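J.:
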Amino acid sequence: MSPITHFLAGWVGFESSLRNQRDRAIVCLAGLAPDLDGAGIVIDLFNKLASLPETSFYQDWHRLYGHGITAAIVFSLFAAAFGHDRLRVAIAAFFCVHLHFLCDLLGSRGSTPDDLWGLYYLAPWDVTQEIVWQGQWQLISWQNTLISVTLMLILLERASRKGYSPVGCLSPRADHRFIAVLRQWRYAVMKRFG
Ligand SMILES: [Zn+2]
């Protein structure tokens, strides 16, 4: 799925179990980290633009090195190193990375039914065992849009109720203003329908 969906899933899935904005941001970033193995696309593009011999690092690396148990452990340890509540951050990051894997397995295929994306959970130690779901839907699909919109609505509703949102990871003051606007909307909606 897209990084936006992964971020929303990470926030909605784990913000309640973490005690401060820094730890929430770290866990959400850990949930995005598996797609770092797609960074080979930069080298491929550069070689193409510079008319150098073509490479396929994106195809060769993506889903192979960042989408497995070893990567999940590495990302979790990394997240814990930067977190306040280290054990809690490590556990949440581990599950957040696996939520990313699950989302990818559900809805990341290409434009044709056989263009499925599989995960190599034991990579880089064993790249013969591929996990794939035959019912996988397209990356650009109504299912992914519906999931993203639903997650966003949950995030906004919770933010208006609890008084914090992902904006606070960047600027507490901006979050303050954002929450004030959300609460006005919430009040308007409740007045209209409640
Ligand atoms: Zn991914």
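The opening position of the sequence shown corresponds to residue 2 in the working numbering, with each subsequent residue numbered one higher. Ideal Cβ positions, reconstructed from N, Cα and C, are used throughout, including at glycine. Nothing here was measured: the structure is a model prediction, and the numbers come from that model.
1. Starting from Pro173, trace the alpha helix (DSSP H) in both directions and tell me its first and last residue.
2. Would you mind sorting Pro167 into buried or exposed? The rule is 16 or more other CB atoms within 10 Å of its CB.
3. Does any heavy atom of ligand 1 sit closer than 7 angstroms to the C-beta of His99?
4. With a 10 Å radius around its C-beta and 16 neighbouring C-beta atoms as the bar for buried, classify His85 as buried or exposed.
5. Give the straight-line distance between the Cα atoms of Phe76 and Glu16, rounded to the nearest whole angstrom.
6. Confirm, please, whether the CB-CB distance from Phe58 to Tyr69 is below 8 angstroms.
7. Assign Tyr66 to buried or exposed, taking buried as 16 or more other Cβ atoms, counted over all protein chains shown, within 10 Å of its Cβ.
8. Cys104 and Gly14 look like a contact to me (Cβ under 8 angstroms); what is the Cβ gap, rounded to whole Å?
9. Report the partner residues of Ile132 according to the DSSP bridge assignment.
10. Is it buried or exposed, Asp115, if we count other Cβ atoms within 10 angstroms and call 16 or more buried?
11. Going by DSSP in three states, Arg25 sits in which element: helix, strand or coil?
12. Is the closest heavy atom of ligand 1 to the C-beta of Asp116 under 7 angstroms?
13. Does the Cβ of Asp36 lie closer than 7 angstroms to at least one heavy atom of ligand 1?
14. Find the nearest neighbour of Leu183 within the set Phe8, Ala72, Leu171 and Tyr165, judged by alpha-carbon distance.
15. Using a threshold of 8 angstroms, state whether the C-beta atoms of Ala73 and Val28 are closer than that.
16. Return the Cβ separation of Gln130 and Leu123 in integer angstroms, given the expectation that the two are a contact with Cβ distance under 8 angstroms.
17. Within the stretch 24–77, note down every full alpha helix (DSSP H) run reaching 4 residues or more, in order along the chain.
18. Report back the beta-carbon spacing between Gln137 and Leu107 to the nearest angstrom; my notes put them in contact at under 8 angstroms.
T.: Put simply:
1. Looking at the DSSP string, the run of the alpha helix (DSSP H) that includes Pro173 is Pro173 to Phe194.
2. Buried, because 16 or more other Cβ atoms sit within 10 Å of the Cβ of Pro167.
3. No - ligand 1 has no heavy atom lying nearer than 7 angstroms to the Cβ of His99.
4. Exposed, because fewer than 16 other Cβ atoms sit within 10 Å of the Cβ of His85.
5. So the two alpha carbons sit approximately 18 angstroms from each other.
6. The sequence shown places Gly at residue 69, rather than the Tyr named in the question. Going by beta carbons, Gly69 and Phe58 fall outside the 8 angstroms limit.
7. Note on Tyr66: 16 or more other CB atoms within 10 angstroms of its CB, so buried under the neighbour-count rule.
8. Distance from Cys104 to Gly14 at the Cβ level is roughly 10 angstroms; contact not present, criterion being Cβ atoms closer than 8 angstroms.
9. Leu120, per the DSSP bridge assignment.
10. So Asp115 ends up on the exposed side.
11. In the structure shown, Arg25 adopts helical secondary structure according to DSSP, grouped into three states.
12. In this structure, ligand 1 has no non-hydrogen atom nearer than 7 angstroms to the beta-carbon of Asp116.
13. Yes, Cβ of Asp36 sits closer than 7 angstroms to a heavy atom of ligand 1.
14. Per the Cα distances, Tyr165.
15. Result no, Cβ atoms of Ala73 and Val28 do not sit closer than 8 angstroms.
16. Yes, they are in contact, since the Cβ atoms of Gln130 and Leu123 sit about 6 angstroms apart, within 8 angstroms.
17. Counting only runs of 4 or more residues that sit fully inside the stretch 24–77, the alpha helix (DSSP H) segments are 41–50 and 58–62, in chain order.
18. So it is a contact: roughly 7 angstroms between Cβ atoms.
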